[in-house]
Structure formats: C-alpha cells, structure tokens
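*Asks:*
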Amino acid sequence: MQTLLPYSPPTITRHLSGQNSAANRNRHAHGLNSNVCERIDGVPVADLAARFGSPLFVFSERTLREKIQRAREAFESRYPNTRFAWSYKTNYLNAICRVFHSEGSIAEVVSEFEYEKARRNGVAGRDIIFNGPHKTRAGLELAVSEGAMIQVDNWDELLLLDTIAKEQNRSIDIAIRCWLDAGIQPVWSKFGFGVENGEAWRAIRRIAESKGRLRLQGLHTHIGTYILEPNAYKVAAEKLITLMERCRESYSWSLRYLNLGGGFPSLSSLHYSYQPAEQVVPPIEKYAEAIASALNTLPRDRRPRLYLESGRALVDEAGYLITSIVAVKQTGASGAITLAGKAAKAPAYMPESTGAAYVIDAGINILYSGNWYRFNVKPAKAQRESAQHPIKLYGCLCMNIDVIREQVSLPAMTTGDHLVMHPVGAYNITQSMQFITYRPAVVIIGLDGRVDVIREREDLDYVQHLERVPERLLTPTHQ
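Quick note: our numbering has the sequence shown finishing at residue 481, numbered continuously throughout.
#1: With DSSP as the reference, identify every bridge partner of residue 392, one or two as the case may be.
#2: With distances taken between CB atoms, is the gap from residue 244 to residue 182 smaller than 7 Å?
#3: Would you kindly report the start and end of the unbroken beta strand (DSSP E) that includes residue 165?
#4: My output table needs one value for residue 416: the three-state DSSP class, helix, strand or coil.
#5: Measure the Cβ-Cβ separation of residue 312 and residue 266 and say whether it is below 7 Å.
#6: Across the region 33–51 and the region 419–428, are there enough close Cβ pairs to call them in contact, namely three or more that are closer than 8 Å?
#7: Measure the C-alpha to C-alpha separation of residue 345 and residue 155 and round it to an integer number of angstroms.
#8: Taking buried to mean at least 16 other C-beta atoms within 10 Å of its own C-beta, is residue 137 buried or exposed?
#9: Taking all protein chains shown into account, do 16 or more other C-beta atoms lie within 10 angstroms of the C-beta of residue 478, making it buried, or fewer, making it exposed?
#10: Can you pull the DSSP bridge partners for residue 222?
#11: Where does residue 439 fall in DSSP's three states?
#12: Are residue 100 and residue 309 touching if we call contact CB-CB under 7 Å?
#13: Under 7 Å, do residue 216 and residue 176 count as touching if we go by C-beta distance?
#14: Suppose you measure from the CA of residue 280 to the CA of residue 256; what does that come to, to the nearest Å?
#15: At a cut of 8 Å, does the region 356–363 reach the region 320–335 through at least three beta carbon pairs?
#16: Tell me whether residue 467 sits in a helix, a strand or coil according to DSSP, three-state version.
#17: In chain order, what residues of the same chain lie with their CB nearer than 7 Å to the CB of residue 410, ignoring the 5 residues before and after it?
#18: Quick one: what does DSSP say residue 89 is sitting in, helix, strand or coil?
#19: Would you be able to state if there are at least three C-beta pairs under 8 Å between the region 70–82 and the region 283–292?
#20: Return yes when the Cβ of residue 307 is within less than 7 Å of the Cβ of residue 133, no when it is not.
#21: So residue 90 and residue 69 are supposed to be a Cβ contact under 8 Å. How far apart are they, rounded?
#22: Mapping the DSSP letters down to three states, classify residue 136 as helix, strand or coil.
#23: Considering only the beta carbon of each residue, do residue 61 and residue 406 sit closer than 7 Å?
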C-alpha cells in the first residue's frame, strides 16, 4: 500500500546566477564587499583616479582575452571552421582592437574610416570584412584591390561593383547581406536584401548574369542586437543554408562562407528588464550550440566557414568607468535630509522618502549606451553606514535630461567619493561626443597589472585643432 507524504506548499527560491558572472568570478575585480568595487584587476580604484583623473575609463585586458577565448572555444568545439571578426564600431581604440587581433580575430568594418584603422593596425585587406550601407567608389576600389571580403548591402552597390569589374576587366569576389525573419522583433530590414520576399534571390540571379565578373562567395545576415533567444540564430542559419543550397542546385556554386553577424548580449541589463542580466542572458555556449546544430546538418564536404562579428558580448564587461560625486542634492520629496559635503563631519542621512540625488563628473555625452542599458553602480570603498538608499544619479551636463540612473541603491556618500560603473565597454567610446566637457582618458590594465594610457584626456588644443577662424574675426570687437 502506497504511503502518502504530507502536503508541502510550493516554494520559489531565487537562484543567484549573478554569482557566476565574470566580474564575480574574477578575484581581482572587486574588494571583499560585493557592494563595493575597490579594485579593478587588483589595482585600487582610488589609485587609478588619483593618477589619471576622474572620470576615467578602465579596461581589463584579462577580461578581454578571457571573453574571446571562451567564445572561440564555444564555437570551435562545436563547429571547428569558425572565425571571429572584431566589430570595430563597438570599440575602435587601437589597443582594444589589437588585443582581439592578437587572439586571432580578423576585422569587421562598416566604413572607410574603420577600414583604414584596421589596415593601420596591421590587418591585411584579405582579413577585413567590409560591411555597411554606404561604400564609396574609392572605398570599394581599394577593398577590391586588397582582396577584402565585401558584403554587398544594396542594388546600387551591386551595380557599381559590376561596373568596376567591367572597367578593370576582372572578376570580383563578393558576398551579399540578407535580412530575414528569425522570429524576433523588430526585423532589421534596413540592411541588405530580403530573403522571404525574394529580393536576395533576385540579387543572386543578377550576380549570375554578370558572366563571372561578380563571384558570390558568401551570405551574411545580422538579425539584431542584444538577442536573448539563441534559437533565433538557428533559424537565421537555416535560412541562409537553404539559400546557399539553392545556389548550388541552380548554378553549381559552392559558397565559401556564411556570416551570422553579431548581436550576442553582454551582462548589461536593459532599462525595462525586471531581472538582472545574469538571470536572463544565456551563456555564449547556447548560441554556439544553436548555430552549430544547423550547420552540422550539412554533409562534411559542404560545410562552409562560419564568420561571426561579435562586439558587445566580448568587450562590454571589460570596461569600467570611474567617476566622482561632485554634489549631493535633494530633489524635492518630503522628509528631512542632511547632506554631507567635503567639510561635513558626519555621513549623510538620507531616509528613503527624501528623493536624494548625487551629481557626478560624467555625463550622457560619454555614456551613450545609458539610453538603453542600466549600468551597475558601486561605491569605490565601503562607507561607514552600509544602509542603502534610493538615489537619483545626475550627470554633469547642463541639461535636465542628463540622468545616468533614475534610481539606484547606494549608501550615504559625500562629494569627492568615487563610484564605479560597469559594464561600459561597448559603444560608449565610439559614440561619445565632445559636449560641454572634455572626454576622459582611457587606460588598460595588463595581465601583469601594469596600467597604460590608451587614449589621453582631451584638452582645449585637441578640441580646437581642426578649427579655423577667418582673419576678419581675429580682431577682438570688445576692448
């Protein structure tokens, strides 16, 4: 006779997957208190700010290398014929690019400016993937002469390449960019040729009609950014495989490669996300499994090379911003508040009802991705009072919209105290702008703990060096 166990009501236990994040696993990243960030790769934050100023971008070479090595292992163990191309637009500081190139990544660029940077970083033309909706004739001719992998975005570009091939009496190897529905929204239809509507196949037919002047070598797609569903990449890979097989059946073409682009997320939370990124972002291995499972259905002798253009997932968590509190304010809510300044003898007392705010020395002009992502913010040292309060975090710009965080839990702090924001390594460097303040210095911490400046802090001479004043305006109008 079966014995029935006593009824136990269901329970929900929160799984703290964030404990396995890269920053938490790295014993060099933070101090012993998880609510503070006293060190970055073993280097005290206070020392970095004292030596290089505040605000200050800091990159961890250790994290950069760990990220690309893990990504390569994830894909190559499942699909050996994989190669990563570093996305220059995500962070094109030369030192960052060279770390990825030293780890075997080629370059992916979307403009002639980025193409030139890649060449100056020692990347051969044949190891550059040339994307983007605007490629000039001069840019295309250079890419053709150097054997770059040109991924055609539109009909005008396709026809221009055919014209160049005619004029130079040569064949040009190309790929085409395709947009497709991978089951996520929005569908990125701005770039390339549509698969479902037949436009991609019409472009392929036009290539076939070029009588060998244009030779199709690959198919490319980039389905979006911060994609949290790995299966979307499987769907995209399957659609490119179908198109590739149609090329083989119709024209006996054996395409060399498929390019699934990037879009893999970092451990950065979107503003509207209720859960921390550590709980919603799948590991890179899940994306590798999804893509490889589609490609491995092909016979071994027909499996193309796989290119990936990952950016955010590889660099974001390697970047930190050290900033300083320059003012403590009350934003008008009820309740008493004591604000601590440099001359204060006691820490601030800020009950939750007060609506307190900190003003910091960094603004949205250098934290562009803050429009979409909610940065983690931690004090650089433990405070005497550990109680956390809801704080509004203002930037230093003379604009009411310069709000870094609408609300973040922080202890009572005072002017001059440092905060550390993370992750900030993706797009904030490339999309920063000179507005009201100078852009700060950027440093990288090497594997041996040595700190090197990889971009100097701007000054007035740098900001003005391209300006010209007409002679008639050189004489002061007021004495």
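Beta carbons are placed, not taken as given, at the ideal position from N, Cα and C, and that holds for glycine.
*Replies:* The answer reads as follows:
#1: 411
#2: no
#3: Note, residue 165: premise wrong, no beta strand (DSSP E); alpha helix (DSSP H) at 157–170.
#4: coil
#5: yes
#6: yes
#7: For residue 345, the predicted model reports a pLDDT of 40, less than 50, meaning its position is unreliable; a value from the coordinates is still stated below. Cα-Cα distance, rounded: 60 Å.
#8: buried
#9: exposed
#10: 179 and 261
#11: strand
#12: no
#13: yes
#14: 41 Å
#15: yes
#16: coil
#17: 379, 393 and 395
#18: strand
#19: yes
#20: no
#21: That belief does not hold up - the Cβ atoms of residue 90 and residue 69 are roughly 17 Å apart, past 8 Å.
#22: coil
#23: no
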